[in-house]
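Heads up: the protein sequence lines correspond to chains A and B, in order. For what it's worth, our numbering labels the leading residue of the first sequence as 51, then goes sequentially. For what it's worth, our numbering labels the leading residue of the second sequence as 68, then goes sequentially. Below: one structure, written as structure tokens.
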Amino acid sequence: MGKVIGSDEYGRRVAKHYRKLMEHCKVNLDRIEAEYPEPFLNFKELLKERGVSRRAFLKWTSAMTAALMLPPLFRPVVARAAEAFGRLPVVWLHFAECTGCSEAFLRCSYPNVDDILLETISLEYHETLMAAAGYQAEQNLEKCMQDFAGKFICVIEGALPQGLRGQYLRLGPKGKTGIQIAKEVVSKAAAVVCIGSCSAFGNVQAARPNPTDAAGVGKVLGIKTVNIAGCPPNGVNFTGTVLHYLMFGDLPALDPLGRPIWAYGKRIHDVCERRPHYDAGEFVEEWGDAGAKKGWCLYKVGCKGPYTYGNCGKARYNDAVSWPVMAGHGCIGCYEPGFWDTMAPFEKPIDESTIGGGDRTADNIGLALTGVTAAGIAAHAVASAAVHRKKGEAPGKETVKAAQEEKHG
Amino acid sequence: MGKIEEKREWSAAIRINHWAMAAAIVVLIVTGFYIADPFTVYQGETTDKMFMGEVRFWHLLFGIFLLFLVIWRIYLAFFSRFHADWKDFLVWVNLKGLVNQVRFYLLIDKEEPERDERYLYGPTQSLTYLGLLAIIICMVVTGLILMGAGYHAGLSGFAYKVLRPVERMLGGLAMVRYIHHILTWCFVLFIPVHVYMAFWHDALLKQGTVSSMISGVLFKRVEK
Chain A
51 MGKVIGSDEY GRRVAKHYRK LMEHCKVNLD RIEAEYPEPF LNFKELLKER GVSRRAFLKW
111 TSAMTAALML PPLFRPVVAR AAEAFGRLPV VWLHFAECTG CSEAFLRCSY PNVDDILLET
171 ISLEYHETLM AAAGYQAEQN LEKCMQDFAG KFICVIEGAL PQGLRGQYLR LGPKGKTGIQ
231 IAKEVVSKAA AVVCIGSCSA FGNVQAARPN PTDAAGVGKV LGIKTVNIAG CPPNGVNFTG
291 TVLHYLMFGD LPALDPLGRP IWAYGKRIHD VCERRPHYDA GEFVEEWGDA GAKKGWCLYK
351 VGCKGPYTYG NCGKARYNDA VSWPVMAGHG CIGCYEPGFW DTMAPFEKPI DESTIGGGDR
411 TADNIGLALT GVTAAGIAAH AVASAAVHRK KGEAPGKETV KAAQEEKHG
Chain B
68 MGKIEEKREW SAAIRINHWA MAAAIVVLIV TGFYIADPFT VYQGETTDKM FMGEVRFWHL
128 LFGIFLLFLV IWRIYLAFFS RFHADWKDFL VWVNLKGLVN QVRFYLLIDK EEPERDERYL
188 YGPTQSLTYL GLLAIIICMV VTGLILMGAG YHAGLSGFAY KVLRPVERML GGLAMVRYIH
248 HILTWCFVLF IPVHVYMAFW HDALLKQGTV SSMISGVLFK RVEK
């Protein structure tokens, strides 16, 4: 009898696997608590101060555990990792970018646990936030690189321009190029996390015609980075990745583009709340029409959800209030490399794309060629009839012709 | 009067494969163009409608058919007991023969150049069918990427894992879809030319070219 694995046996197997994993987490967290310094801010007190109840915190741990694709069993481990969050030294570098990613993480109407978590982070160097300036700031960076060599996490925001040997971007009191700084810091870091599409894939700086020859950090330095893609990315995707690092001592599984699979494993299209309208064949034809008012699918007004991997629909933005498709504008595909070129124009389906002219050009050329083919066929048919019949020289035809002529003649 | 001789040209497997592929390609073109630029279905409640879902279902189903048909066709090309025709796809390598064949088609030469009886295809045919095979393979690969992006289980899930680097190489799903769309036009252009040439051959050479893909038999007039 082909018995389906019963819940008992299945449960036992799973429990065994996860117990092992949990042991691993505990050993790793013990190591982190022993090796890394005490956090500057006490996470528990900070939560209390900000009015986050224990219940709210537990809810958050449940959500984060689920988001990381772990069973509820791991909630205490996630909570412990959250407390250890502030121990991890972080160097946050800014290159060619708009600081929008930092802004997105910082600005909240009422901070949730993720935001408070980011507040506890042991930021050794962050150009926008640090009080130090000039040589003092440089000293901080050098000290951190010395003290925490091989231990700190290097978070990078912004692409690296390669043109003019990198001189499109010079920063700091010593006027080093972005590439120089990146090389120095990355060589000492335990892991490199690229925040935002700029550092991950180059983003708008690398869009055509790309005058400064900008590119993502991984590509310029030839290293493997964790790419928290997005313009801006969701804070959850960063905190989750760091929590994963704290719990397992290793970076999460990445897709071929270096994005954590737990966050970037499914397409926007697959978890979209408007997906049923897509399957039903209900599309918004133009802004503000009856379909738009009913919340129909935005595919025909340029939603790039089908080509974009991300968890926007699940995690949402701005205290998880909303996200672009929910607000009524299609996804622009900002989690994907080169989206300015491959996804534009953002409010039309891939119609007049910057690369190759898009669907419409392809269709027009295709239609024209079909017309030419049809005309060619017609012309060829007429010409064939004329050439081959007049002379009666078609192969194998003579005998028939001769027979016919005999008959008539 | 000449005597007519029968020559068995196509095996049953090739014929079935040919028509199944033709049907699949027609369904795929029609459903594919709807998916690329859908019209809105206004009538009825959302919960009662599944139009795009159904069109996509048929598109995926026939896409998978095409995948297996092309695998079958390649298998036949190498291991057919009737006539393994992989060499026939390379007749065009003899460029002189190719030029002569084109001259015949362009009505410059009035006699069809001597056909090498060992091969099923003439030089232009072999080149076109090789190209078509390549395009079908490209379509199947890009199609599997687009399908696997949404269905992570089973065949498409497995194929997607293997093909993910290809997706990355091509520049993301948007580019994969764009290539998939452009290559569709190759089929749209191929079909009328292919059908016309079959009719043309039939009308001119009187060998029963059109029916040969049904009966498998070509007729040849033998001079006394």
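Using N, Cα and C, we set each Cβ at its ideal position, and we do this for glycine too. Fair warning: this is a prediction, and the values are worked out from it, not measured in the lab.
Secondary structure of histidine 176 of chain A, DSSP reduced to three states:
Numbered from its first residue, the first sequence carries residue 176 of chain A at position 126. In the three-state reduction of the DSSP assignment, histidine 176 of chain A falls in the strand class.
Which word fits valine 207 of chain B, buried or exposed, when buried means at least 16 other C-beta atoms lie within 10 angstroms of its C-beta?
Here residue 207 of chain B refers to the residue found at position 140 of the second sequence. Under a 10 Å Cβ-count criterion, valine 207 of chain B is classified as buried, with 16 or more other Cβ atoms of the shown protein chains found around its own Cβ.
Out of A/Lys98, A/Ile171, A/Pro223 and A/Phe198, which has the shortest C-alpha to C-alpha gap to glutamine 186 of chain A?
Position 136 of the first sequence holds residue 186 of chain A. With distances taken between Cα atoms, glutamine 186 of chain A lies closest to A/Pro223.
Take valine 158 of chain B as the anchor and find which of B/Leu194, B/Ile138, B/His150 and B/Met242 has the nearest alpha-carbon.
Your numbering for residue 158 of chain B matches position 91 in the second sequence. Residue B/Leu194 is the option with its Cα nearest to valine 158 of chain B.
Cβ-based contacts, 7 Å cut-off: residues of the region 417 to 432 of chain A near chain B:
Legend: CB atoms of the region 417 to 432 of chain A lying less than 7 Å from CB atoms of chain B belong to residues Leu419, Thr420, Thr423, Ala424 and Ile427.
Boundaries of the alpha helix (DSSP H) in which tryptophan 267 of chain B is found, first to last residue:
For the purposes of this step, residue 267 of chain B is identified with residue 200 of the second sequence, where counting begins at 1. Counting along the chain, the alpha helix (DSSP H) containing tryptophan 267 of chain B begins and ends at 240 to 272.
Taking 8 Å as the threshold, find out whether the region 238 to 245 of chain B comes into contact with the region 421 to 434 of chain A through three or more Cβ pairs.
A contact between stretches requires three or more CB pairs, one per stretch, nearer than 8 Å, and the region 238 to 245 of chain B fails this requirement with the region 421 to 434 of chain A.
Start-to-end residues for the beta strand (DSSP E) that takes in tryptophan 110 of chain A
Here residue 110 of chain A corresponds to residue number 60 of the first sequence, with the count starting at 1. Note, tryptophan 110 of chain A: premise wrong, no beta strand (DSSP E); alpha helix (DSSP H) at 104 to 117.
Contact set for glutamate 133 of chain A: own chain, Cβ-Cβ below 6 Å, skip 5 residues either direction:
Along the first sequence, one-based indexing puts residue 133 of chain A at 83. Excluding residues within five positions, the ones whose Cβ falls inside 6 Å are Phe93.
Where does the unbroken beta strand (DSSP E) through alanine 241 of chain A begin, and where does it stop?
To locate residue 241 of chain A, count along the first sequence from 1; it is residue 191. Where alanine 241 of chain A is concerned, the enclosing beta strand (DSSP E) starts and stops at 241 to 245.
For valine 286 of chain A and alanine 240 of chain A, what's the separation of their Cα atoms in angstroms?
Your numbering for residue 286 of chain A matches position 236 in the first sequence. Your numbering for residue 240 of chain A matches position 190 in the first sequence. Spanning the two alpha carbons is a distance of roughly 21 Å.
N-terminal and C-terminal residue of the alpha helix (DSSP H) that asparagine 84 of chain B is part of
Along the second sequence, read from residue 1 onward, the residue named residue 84 of chain B stands at position 17. Note, asparagine 84 of chain B: alpha helix (DSSP H), 79 to 103.
Can you name the residues of chain A whose CB is closer than 9 Å to the CB of valine 260 of chain B?
As a working note, residue 260 of chain B is residue 193 in the second sequence. Here the neighbours are Thr423, Gly426 and Ile427.
Roughly how many angstroms lie between the CA atoms of lysine 70 of chain B and phenylalanine 254 of chain B, to the nearest whole one?
Stepping through the second sequence from its first residue, residue 70 of chain B is reached at position 3. Stepping through the second sequence from its first residue, residue 254 of chain B is reached at position 187. So the two alpha carbons sit approximately 39 Å from each other.
Counting C-beta neighbours from all protein chains within 10 Å, is the total for leucine 214 of chain A 16 or more, i.e. buried, or is it exposed?
On the first sequence, residue 214 of chain A is found 164 positions in, with the first residue counted as 1. Of the other Cβ atoms in all chains shown, fewer than 16 fall within 10 Å of the Cβ of leucine 214 of chain A; this residue is therefore exposed.
Take alanine 232 of chain A and list the residues in its own chain whose beta-carbon comes closer than 8 Å to its own, dropping the five residues that flank it on each side.
Working through the first sequence from its first residue, we reach residue 232 of chain A at position 182. Around alanine 232 of chain A, the same chain offers Leu143, Phe145, Ile206, Leu210, Val267, Val270 and Leu271 as residues with beta carbons nearer than 8 Å, after the five sequence neighbours per side are excluded.
Leaving aside the five residues before and after lysine 447 of chain A along the sequence, list all residues of the same chain whose C-beta is less than 7 Å from its C-beta, in chain order.
Along the first sequence, read from residue 1 onward, the residue named residue 447 of chain A stands at position 397. Confidence in lysine 447 of chain A is poor, its pLDDT being 47 and thus under 50, which makes the residue's placement too unreliable to answer from.
Can you tell me whether glutamate 178 of chain B is helix, strand or coil according to DSSP?
Stepping through the second sequence from its first residue, residue 178 of chain B is reached at position 111. In this structure, glutamate 178 of chain B counts as coil in the three-state DSSP scheme.
Between the Cα of threonine 251 of chain B and those of B/Glu121, B/Ile202 and B/Phe129, spot the shortest distance and give me the residue it belongs to.
Residue mapping note: residue 251 of chain B aligns to position 184 of the second sequence, counting from 1. When C-alpha distances from threonine 251 of chain B are compared across B/Glu121, B/Ile202 and B/Phe129, the shortest belongs to B/Ile202.
Using the Cβ count rule (16 or more neighbours within 10 Å means buried), how would you classify valine 306 of chain A?
Within the first sequence, numbered from 1, the residue matching residue 306 of chain A stands at position 256. One detail in the question is off: residue 306 of chain A reads as proline in this sequence, not valine. Exposed.
Evaluate the contact criterion for the region 121 to 136 of chain B versus the region 87 to 102 of chain B: three or more CB pairs, one atom per stretch, below 8 Å.
The answer is yes - the region 87 to 102 of chain B touches the region 121 to 136 of chain B, with three or more Cβ pairs under 8 Å.
Grab the span of the beta strand (DSSP E) containing cysteine 353 of chain A for me, first residue to last.
Here residue 353 of chain A refers to the residue found at position 303 of the first sequence. From DSSP, cysteine 353 of chain A is part of no beta strand (DSSP E); its letter is neither H nor E.
If I follow the unbroken alpha helix (DSSP H) through proline 232 of chain B, where does it start and stop?
Counting from 1 along the second sequence, the entry for residue 232 of chain B is found at position 165. Where proline 232 of chain B is concerned, the enclosing alpha helix (DSSP H) stretches over 221 to 237.
State the Cα-Cα distance for the pair tyrosine 367 of chain A and asparagine 284 of chain A, rounded to the nearest angstrom.
Along the first sequence, read from residue 1 onward, the residue named residue 367 of chain A stands at position 317. Along the first sequence, read from residue 1 onward, the residue named residue 284 of chain A stands at position 234. Each residue's Cα considered, the two are about 7 Å apart.
Between which two residues does the alpha helix (DSSP H) carrying isoleucine 203 of chain B extend?
In the second sequence, counting from the first residue as 1, residue 203 of chain B sits at position 136. Here the alpha helix (DSSP H) through isoleucine 203 of chain B covers 190 to 215.
Contacts that tryptophan 267 of chain B makes with chain A (C-beta to C-beta distance below 7 Å):
By 1-based counting over the second sequence, the position of residue 267 of chain B is 200. Within 7 Å Cβ-Cβ: Ser434.
Nearest-angstrom Cα separation, counted from cysteine 353 of chain A out to leucine 167 of chain A:
Reading the first sequence from its first residue, position 117 is the one you call residue 167 of chain A. Reading the first sequence from its first residue, position 303 is the one you call residue 353 of chain A. Using only the alpha carbons, I get a separation of about 33 Å.
If the cut is a Cβ gap below 7 Å, which residues of chain A does alanine 103 of chain B touch?
As a working note, residue 103 of chain B is residue 36 in the second sequence. One finds Asp409 in chain A with Cβ atoms closer than 7 Å to the Cβ of alanine 103 of chain B, taken in chain order.
So that I know if they touch, is there some Cβ in chain A lying closer than 8 Å to that of tryptophan 139 of chain B?
As a position in the second sequence, residue 139 of chain B is number 72, starting the count at 1. No, tryptophan 139 of chain B lies away from the interface with chain A (no Cβ there is under 8 Å from its Cβ).
Between glycine 359 of chain A and cysteine 347 of chain A, how many whole angstroms is the CB-CB distance? I'm expecting something under 8 Å.
Counted from its first residue, the first sequence places residue 359 of chain A at position 309. Counted from its first residue, the first sequence places residue 347 of chain A at position 297. As written in the sequence, residue 359 of chain A is tyrosine, which differs from the glycine given in the question. For tyrosine 359 of chain A against cysteine 347 of chain A, the beta-carbon gap comes to about 19 Å, at or over 8 Å, which does not count as contact.
Check whether the Cβ atoms of phenylalanine 266 of chain B and glutamine 274 of chain B sit closer than 8 Å, and answer yes or no.
Residue numbering aside, residue 266 of chain B sits at position 199 when the second sequence is read from its first letter. Residue numbering aside, residue 274 of chain B sits at position 207 when the second sequence is read from its first letter. No.
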